[in-house]
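Chemist: Starting off with a structure, shown below.
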Amino acid sequence: MLFLNATYDEKISTLQTAKKLDLTVSVVGPELPDWSKHYVDFYIKADTYNIDETITALKKAMKENPFDGVVTFWDRDVVPVAVVANQFNLKGSPIEAAERARNKWKMREALKIHNVPHPKFCKFSTFEELNKACVGLQYPLIVKPVGASASKGIFKISDPSELYKTFEILINSTSIEKDIMFSFYHQEYVVEEFMEGKEVSIEGVVSDGVIYFAGITEKWTDEYFNEPQHAFPARVTIDLEKEILDVTSKGIKALELDNTGFHAEVMITKQGCKIVEINGRLGGGGITSHLVSAAKGIDIIGANLLLALGEKFEFTPTMGVIANKFFKLCK
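Note that full-length UniProt numbering has the sequence shown beginning at 1, numbered continuously upward.
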């Protein structure tokens, strides 16, 4: 199994699961962190921000230590994984689908085309474009980079008087010098209407067009869009659960995601459930590494690894409790 980047130590469970499945683990990336070395059989050095360099390194590695599947558990590598899978004829999402999952504007466009509920939105790069876009939108608004993750660079605008100041803060906080993550779709942003309601996330995998839901995560968010607490499964009625899973299914099909884990975010509003976003990788923050297995006994990481190899996986709950995780946020 090939991992694109070991990422950071919160993801150690992904490598541990691979070894429990008795898989040979290869990692390609600019460096191999010390915490991961115990679980990695082969390391391939390459700058994974440079896809041509990565493919060249992997062609050599494939001859020496072949890999039968490729995965990531990090936003930035969703598109590269799709490119690698396509290059080596492995299981994975179509490249265009991965692009839609990574680019929030392309995602919104796909949802719009397929009539999947979502907030009104517009793309912009300059203040003039933002100012023009806001004419057709209702305040409060949200602005964010199209290619960021982990709630980075997201700001709320309460009224027109805050528009220019927020734009300046947005530009300053999303420079490549602040975080190389912002090199993806640099200086491309979306503005959208703020959705009032309760946000939940949906965890699962999709394999050969079949969507497997592990369940719905209840989330608590603060004014800065951080998530200090998660509970799985969410406390929702049967009818609401059906609505949430239905809109998520439609969203995944609109993006054409396949053969991947996913982490969808849905806002429960007075007007119904609307897609916040759909990620082409499993959820972080301890949701898939701890909560799903603790509450339902589903090895969702193992399922993601096995489907990437084209092998059968088990996705049946073996227990039914509620698991919580809290984060201490320091100012």
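Don't be surprised by glycine CBs; every beta carbon is placed ideally from N, CA and C.
Note that the structure is a prediction, hence the values are computed from the model and not measured.
1) State the beta-bridge partners of residue 66 as determined by DSSP.
2) So, with DSSP's three-state summary, where would you put residue 264?
3) To the nearest angstrom, report how far apart residue 33 and residue 137 are at their CA atoms.
4) Which class does residue 24 belong to by DSSP, given the choice of helix, strand or coil?
5) What does the alpha-carbon distance come out to for the pair residue 269 and residue 218?
6) In the DSSP output, which residue or residues are listed as bridge partners for residue 141?
7) If contacts are defined as beta-carbon pairs under 8 Å, then residue 192 and residue 121 qualify, I think. What distance do you get, rounded to the angstrom?
8) Given residue 154, which residues of its chain have a CB within under 7 Å of its CB, disregarding the five upstream and five downstream residues?
9) In terms of residue numbering, what span does the alpha helix (DSSP H) encompassing residue 245 cover?
10) What's the C-alpha gap between residue 163 and residue 124?
11) Starting from residue 95, trace the alpha helix (DSSP H) in both directions and tell me its first and last residue.
12) What separation, rounded to the nearest whole angstrom, lies between the Cα atoms of residue 97 and residue 293?
13) Could you name the residues that DSSP lists as bridge partners for residue 4?
14) By DSSP, does residue 176 sit in helix, in strand, or in coil?
15) Could you please give me the residues that DSSP links to residue 121 through a beta bridge?
16) Between the Cα of residue 70 and the Cα atoms of 38, 26 and 103, which residue gives the shortest distance?
17) Residue 235: beta carbon under 7 Å from a heavy atom of the ligand NAP?
18) Taking buried to mean at least 16 other C-beta atoms within 10 Å of its own C-beta, is residue 175 buried or exposed?
19) Ignoring anything shorter than 3 residues or poking outside the stretch 207 to 235, list the beta strand (DSSP E) runs there in chain order.
20) Would you tell me roughly how many angstroms separate the C-alpha atoms of residue 235 and residue 297, rounded to the nearest one?
21) Count the CB pairs spanning the stretch 48 to 58 and the stretch 275 to 295 that are closer than 8 Å, and state whether there are at least three.
22) Spatial neighbours of residue 287 within its chain, please: CB distance less than 8 Å, with the 5 preceding and 5 following residues excluded, ordered by chain position.
23) By how many angstroms is the C-alpha of residue 10 removed from the C-alpha of residue 330?
24) According to DSSP, is residue 331 helix, strand or coil?
25) Which same chain residues, not among the five before or five after residue 60, have their C-beta less than 6 Å away from its C-beta?
Modeler: Judging by the given coordinates:
1) None; residue 66 has no bridge partner.
2) Under the three-state reduction of DSSP output, residue 264 falls in the strand class.
3) Going by the C-alpha atoms only, they are around 45 Å apart.
4) Reduced to three states, the DSSP call for residue 24 is coil.
5) Between residue 269 and residue 218, the C-alpha separation is close to 15 Å.
6) According to DSSP, which records beta bridges pairwise, residue 141 is partnered with 157 and 193.
7) Indeed they touch by this definition, with Cβ atoms about 4 Å apart.
8) Excluding positions up to five away in sequence, the list reads 142, 144 and 225.
9) Counting along the chain, the alpha helix (DSSP H) containing residue 245 begins and ends at 238 to 255.
10) Answer to the nearest angstrom: the Cα atoms are 13 Å apart.
11) Unbroken alpha helix (DSSP H) run through residue 95: 95 to 102.
12) If I take the Cα positions, the gap works out to 28 Å.
13) In the DSSP output, where bridge partners are listed per residue, residue 4 has 28.
14) When secondary structure is reduced to three states using DSSP, residue 176 falls in the coil class, being assigned neither helix nor strand.
15) As computed with DSSP, residue 121 is found in a beta bridge with 192.
16) Residue 70 has its Cα closest to that of 26, out of 38, 26 and 103.
17) Judged by which ligands are present, the structure shown has none, so any question about the ligand NAP falls away.
18) Looking at its Cβ environment, which holds fewer than 16 other Cβ atoms inside 10 Å, residue 175 is exposed.
19) Taking only runs of at least 3 residues, the beta strand (DSSP E) segments lying wholly in the stretch 207 to 235 are 210 to 220 and 229 to 232.
20) Here the alpha carbons of residue 297 and residue 235 stand approximately 18 Å from one another.
21) Because the criterion of three Cβ pairs below 8 Å is not met, the stretch 48 to 58 and the stretch 275 to 295 do not touch.
22) For residue 287, the CB contacts under 8 Å within the same chain, skipping 5 residues up- and downstream, are 201, 203, 217, 230, 232, 263 and 325 in chain order.
23) Confidence at residue 330 is low in this model, with a pLDDT of 44, below 50, so the placement of that residue should be treated as unreliable; the coordinate-derived value is given next. Taking the straight line joining both Cα atoms gives about 18 Å.
24) Note on residue 331: pLDDT 47, under 50, position unreliable in the model; the coordinate value appears next. In the structure shown, residue 331 sits in coil (DSSP, three-state: anything other than H, G, I, E or B).
25) Beyond the five residues adjoining it in sequence on each side, residue 60 comes within less than 6 Å, by CB distance, of no other residue in the same chain.
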